[in-house]
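Here's the structure we're looking at; comments come further down.
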Amino acid sequence: MTRVVVLGGGIAGLATAFRRTSPGETLVLEAAPRAGGSIRTIREDGFTLECGPNTLRTTEAAERLLADLGLEPDVVIADGKAPRWIVRGGSPRAVVPGPAALFNKVFTIAGKLRLLKEPFVAPRPASLEDESVHSFFARRFGEEAAVYGAGPMVSGVYAGDPRTLSMRSAFPKLWEAEGTAGSVVRGLLRKKEKKGGAAARAHHRARTLTFNGGLFTLIETLQNRLRERPGFHFEMNAAAVAIEGPRTPAPPGCRWTVRCGDGRSFDADVLVSTLSAPATARLLGNVLTRSAAALEAVPSSPVTVVMQAYRAPASANDAPRGFGGLIPQVEGFRSLGILYPASLFTGRAPEGFVLTTSFLGGALDRALAGAPDADLLAVAAAEVARFFPRLGPAARSWIARWPEAIPQLPLGHHRTLSALEQDLAALDAVAPGALHVTGGFRDGIALGERIASGEGIGKSLA
Ligand SMILES: Cc1cc2nc3c(=O)[nH]c(=O)nc-3n(C[C@H](O)[C@H](O)[C@H](O)COP(=O)(O)OP(=O)(O)OC[C@H]3O[C@@H](n4cnc5c(N)ncnc54)[C@H](O)[C@@H]3O)c2cc1C
């Protein structure tokens, strides 16, 4: 019987373990004293606050997982009409994604006319194998779209620097759309037409959601269900520090040995890594000979999350309403964006309170992410007050620090991923199915994508 060791007890690791249907032992090794990785929910005095992700945008795999875990009664759907905003000229302007962006007040008339020209802009030269997100948007949609559209998008998804983040790796669908149709707009329309039939068959409608008890409910439910399974083990405070193997031919149950920082060691037939690119490279450098050096150099952005509760103002007009929004760097704020969790989802705060969640730091303001609590609270409160001057002082505040929050995919990252594929294929040739590698640096950072990766690996395990 095959013994699988999964490195990392975040959503990807737990989804992998849950989706394993073959018999045998599954051991998840988690460095921290709790599961969940980036998913962490504070439940305190009637507040339900997210330290990491706030929303799960479902993929088909995520919908399957929720259904199989019986979580539907716990689901809280985001207010679909909740407006989002982008700051321009110091004040928030409502935006709607897609073609309706032409009617928002974020872009000038000249900027909107430039957006409309996109289908007529010359396709990228074949020699251009990657470029920064800023450069891609400036080339295709104009400088204004790069600053006021792509910039906030990169802040919101990657807490990144649009001038260094790889377009090809960070937003592959848009990159491919231009590649296949010579225009992003034409490429997306073509894909939509093609998908129309398939989507209608699959009936998948993505939802943006959380749970009554916050996103950590997903982690707790997965853990509870996994604990009921014979052959499943979860080891916390078990940071893998060295890996030996693969041994070929493999002695039963002992192709790999994983050594942990506290001296424990665990043998495995199959390894699944859900760790960051540098951690994967350090542990598996002897196997990933073509890709390890580049993987080790993939940086992460630091993010510090400041959650604040305010007494609800007398007039609802003075309270945060909608989804929240993003702030382009040129606007001179220090928050990357601010969410309004109690407006987006029901049941996040006791009666009489409203909530804001400010994201600080990121690749462009690393020092702020590491600033003392008092400074972070002051920055967050001052910038919330610029939008809601009648809110008064925060009644309660919480801080969550993520020193390595999101991978920052550098230009040319696709070459690193090709080298990783080659490494994995070479290993597969001598030790079939012995190693699986997933992570935000490889197959998407959104929770829906992390769940899909876990499902794919879990189902493929022998
Ligand atoms: C502040 C923030 C906000 C976000 N917002 C959203 C959002 O709203 N929606 C969305 O879809 N996504 C969001 N994301 C992204 C999303 O949360 C992550 O991409 C996702 O949770 C990553 O899951 P994972 O299991 O791949 O990795 P992780 O959650 O990072 O899990 C990896 C695990 O491995 C463990 N580990 C590390 N080293 C070792 C070792 N040597 N040995 C054993 N274990 C180890 C870690 O402790 C961790 O638990 C956000 C992320 C952050 C940080």
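The numbering used here puts the sequence shown at residues 2 to 463. Using N, Cα and C, we set each Cβ at its ideal position, and we do this for glycine too.
What number of angstroms, rounded off, separates the C-alpha of residue i from the C-alpha of residue j?
| i | j | result |
| --- | --- | --- |
| Gly246 | Lys82 | 52 Å |
| Arg500 | Leu412 | This structure does not reach residue 500, given that the chain is present from 2 up to 463, and the question cannot be answered. |
| Tyr22 | Asp268 | Here the sequence assigns Thr to residue 22, which means Tyr is not the residue at that position. Looking at the two C-alpha atoms, the distance is approximately 20 Å. |
| Asp319 | Glu145 | 30 Å |
| Glu194 | Ser184 | 15 Å |
| Ile1 | Gly440 | The requested residue 1 is not part of the displayed model; the chain covers only 2 to 463. |
| Ala383 | Ala310 | 14 Å |
| Ala101 | Val148 | 18 Å |
| Thr181 | Leu116 | 19 Å |
| Val88 | Gly333 | 10 Å |
| Thr209 | Pro250 | 47 Å |
| Leu340 | Gly325 | 4 Å |
| Gly466 | Asn55 | Past the edges of the chain, shown from 2 to 463, lies residue 466, and the structure says nothing about it. |
| Ser156 | Leu8 | 28 Å |
| Arg20 | Ala127 | 40 Å |
| Phe48 | Pro394 | 18 Å |
| Glu119 | Arg141 | 6 Å |
| Ala463 | Pro279 | 27 Å |
| Ala63 | Ile40 | 15 Å |
| Val479 | Arg265 | For residue 479 there is no data in the structure shown, the boundaries of the chain being 2 and 463. |
| Leu66 | Thr281 | 26 Å |
| Leu289 | Ala171 | 22 Å |
| Met308 | Val122 | 43 Å |
| Arg416 | Gly53 | 30 Å |
| Thr358 | Gly232 | 40 Å |
| Pro342 | Gly323 | 9 Å |
Count the other CB atoms within 10 Å of the CB of residue i; is the residue buried (16 or more) or exposed (fewer)?
| i | result |
| --- | --- |
| Pro329 | buried |
| Gly14 | buried |
| Thr225 | With the sequence shown as reference, residue 225 is identified as Asn, and Thr is not the correct amino acid for it. So Asn225 counts as exposed. |
| Ile78 | exposed |
| Thr275 | buried |
| Val331 | exposed |
| Leu103 | exposed |
| Asp270 | buried |
| Ile407 | buried |
| Glu73 | exposed |
| Ile110 | exposed |
| Asp376 | exposed |
| Val438 | buried |
| Asp366 | buried |
| Ser277 | buried |
| Ser92 | exposed |
May I ask whether a heavy atom of ligand 1 can be found less than 7 Å away from the beta carbon of residue i?
| i | result |
| --- | --- |
| Ala370 | no |
| Gly14 | yes |
| Ser170 | no |
| Asn55 | yes |
| Gly323 | no |
| Ala381 | no |
| Glu31 | yes |
| Val288 | no |
| Trp176 | no |
| Val185 | no |
| Leu190 | no |
| Thr17 | no |
| Leu448 | yes |
| Arg58 | yes |
| Val306 | yes |
| Arg451 | yes |
| Ile328 | no |
| Gly362 | no |
| Ala406 | yes |
| Trp399 | no |
| Ala239 | yes |
| Thr275 | yes |
| Ala79 | no |
| Gly11 | yes |
| Leu66 | no |
| Leu421 | no |
| Gly348 | no |
| Gly264 | no |
| Leu117 | no |
To the nearest whole angstrom, what separates the beta carbons of residue i and residue j, a pair I think is in contact under 8 Å?
| i | j | result |
| --- | --- | --- |
| Ser302 | Ala381 | Not really, about 18 Å apart at Cβ, beyond 8 Å. |
| Ala396 | Phe354 | 7 Å |
| Val299 | Leu410 | 7 Å |
| Gly262 | Val242 | 5 Å |
| Leu57 | Thr211 | 7 Å |
| Leu345 | Asp46 | Not a contact, Cβ separation roughly 20 Å. |
| Met237 | Ala33 | 7 Å |
For chain C, check one thing: does any of its Cβ atoms lie closer than 8 Å to the Cβ of residue i?
| i | result |
| --- | --- |
| Leu365 | Absence of chain C from the displayed structure is noted, only one protein chain being present. |
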